[in-house]
Structure formats: structure tokens, C-alpha cells
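This report refers to the structure that appears directly beneath it.
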Amino acid sequence: MNSIGKWTAIFWQNTLSKAYMKISPLKVGGRTIKTVIAVFLCFLVNTVRNSNTAFYAAIAAILCIQRTPKDSLREAMNREIATIIGGVWGMAVLLIEKNIYLISCEVLRYLCLSILLIPLINFSVLIKQEKGTFLMCVVFLCITVTHGTDESPLTFGLNRIADTTVGIMIALLINQTPTPLLH
Numbered sequence: 001m002n003s004i005g006k007w008t009a010i011f012w013q014n015t016l017s018k019a020y021m022k023i024s025p026l027k028v029g030g031r032t033i034k035t036v037i038a039v040f041l042c043f044l045v046n047t048v049r050n051s052n053t054a055f056y057a058a059i060a061a062i063l064c065i066q067r068t069p070k071d072s073l074r075e076a077m078n079r080e081i082a083t084i085i086g087g088v089w090g091m092a093v094l095l096i097e098k099n100i101y102l103i104s105c106e107v108l109r110y111l112c113l114s115i116l117l118i119p120l121i122n123f124s125v126l127i128k129q130e131k132g133t134f135l136m137c138v139v140f141l142c143i144t145v146t147h148g149t150d151e152s153p154l155t156f157g158l159n160r161i162a163d164t165t166v167g168i169m170i171a172l173l174i175n176q177t178p179t180p181l182l183h
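This is the structure we're talking about:
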């Protein structure tokens, strides 16, 4: 190794070492602790409920733990409304497919599901829930694309909404709890 390469390596080693020392003492804040507790409680509650979709409760809890209880409540309301609307639209499409007409060509079905995002997005604008639009679309597609062939896709849709509600409620409760030792 030439001297320039040697000095470059020493420079980067020292720089990285100093940078690591700045972040080395792992600091865990109150919001992090609250998030971990909320996620664990979601898994615990959904174990008792015998729900196999605890993942959705955990996601809701993670997203709803915010800096302040007020911010948490605002996020929770947006998330709950969006999940219910996306879930209901998804279950409606599955009911139509099961009872009226199922598009057998997978590509054509995906095209139709994609086009159905247009009225869903417009609906979210109409009811002034623009902040939840992306989530409405995600829940709609989650239900229609990944669970359309389930034995009971409507049960999945209802459980998906229930799990999100569980996660939201846990997050709101945890975020209301003062944590003087964590600040």
C-alpha cells in the first residue's frame, strides 16, 4: 500500500471511530419504549384473541405512537377511518366477485382492481380524508389482492379492521401514560 493509501485508510478509520463513539452510547427515548410496549401488547392481545393478523395491530401501534398524545390521536383517527373505508371497499369487491362475477383472467382482474382505486381516491377527497388516501388504497389492495381466494375473505377484512383498531387503542393508551423516568 502506498503512503497516500495508508494515510487515507488511517483517516477513514479515525473518522469512523469518532463517529461511532458519538452514537455508541445507545440512547433509548420514551417514544421508543412506548412503541416497544405497544407492539408487545398488540401481540399479546391478538394472541388472546387468537388472531393470526397481529402484524396489522403492531403496524397501527407503531404509526400511532407520536410525540404528543394530541398528535397520536390525530394519527389514530386518520388511520382508523382509512382502514375502515379501505376495508369496506375491499370486502364489497370480494362480495361482488364471490356472488356476481369473478374475473378469471388474473391480469384483467389486476387492471380492474387498479382502476377501482380511482373512485376510492375520489371518495377520500370528497369526505376530506386526503391524509388517509394512501392507507385506504393499501388496505383495499391488501384485502382484494392477497386475500381474495381465502376461505372467508370477509372474515379477513373484518379481522384486519379489528386488528388495526386494537393497535390504535393500545397506542393511544400507552401514549397517554406519562413516562417521567423515560424523558
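Throughout the sequence shown, residue numbering follows my numbering, covering 1 to 183 in sequence. For glycine and all other residues, C-beta sits at the position ideal for the given N, C-alpha and C.
- request: Look at G135 and A82 and say whether their C-beta atoms are less than 7 Å apart.
  value: It should be noted that the sequence gives Leu, not Gly, for residue 135. Closer than 7 Å, so yes.
message: Is the separation between the beta-carbon of G90 and that of I161 shorter than 7 Å?
response: no
field: Same chain only: Cβ atoms within 6 Å of V45, ignoring 5 sequence neighbours per side
entry: V166
query: For the alpha helix (DSSP H) that contains L186, what are its first and last residues?
result: The structure shown does not extend to residue 186, since the chain is modelled only from 1 through 183, so no value can be given for it.
message: Tell me the rounded alpha-carbon separation between I168 and A76.
response: 6 Å
query: Comparing alpha-carbon positions, which option in R67, L95, L63 lies nearest E151?
result: L95
field: From K128, R109, E130, residue whose alpha carbon lies closest to that of V145
entry: R109
- request: Assuming L120 and F140 form a contact by the criterion Cβ under 8 Å, report the distance between their Cβ atoms to the nearest whole angstrom.
  value: 6 Å
task: With a threshold of 16 other CB atoms inside 10 Å of the CB of V39, please say whether the residue is buried or exposed.
output: buried
- request: Please say whether I170 and L63 have beta carbons closer to each other than 7 Å?
  value: no
Whole-angstrom distance between E97 and S104, CA atom to CA atom: 10 Å
- request: Assuming N175 and S51 form a contact by the criterion Cβ under 8 Å, report the distance between their Cβ atoms to the nearest whole angstrom.
  value: Not quite, the Cβ-Cβ distance comes to about 22 Å (not below 8 Å), so this is no contact.
- request: Check C105 in the structure and name its three-state DSSP category.
  value: coil
query: With 16 other CB atoms within 10 Å as the buried threshold, where does G132 fall?
result: buried
task: Look at the alpha carbon of S114 and the alpha carbon of S124, and state the distance between them as a whole number of angstroms.
output: 16 Å
field: Local conformation of T177 per DSSP, three classes
entry: coil
- prompt: Can you tell which of N159, G157, N78 has the C-alpha that lies nearest to the C-alpha of I127?
  reply: N78
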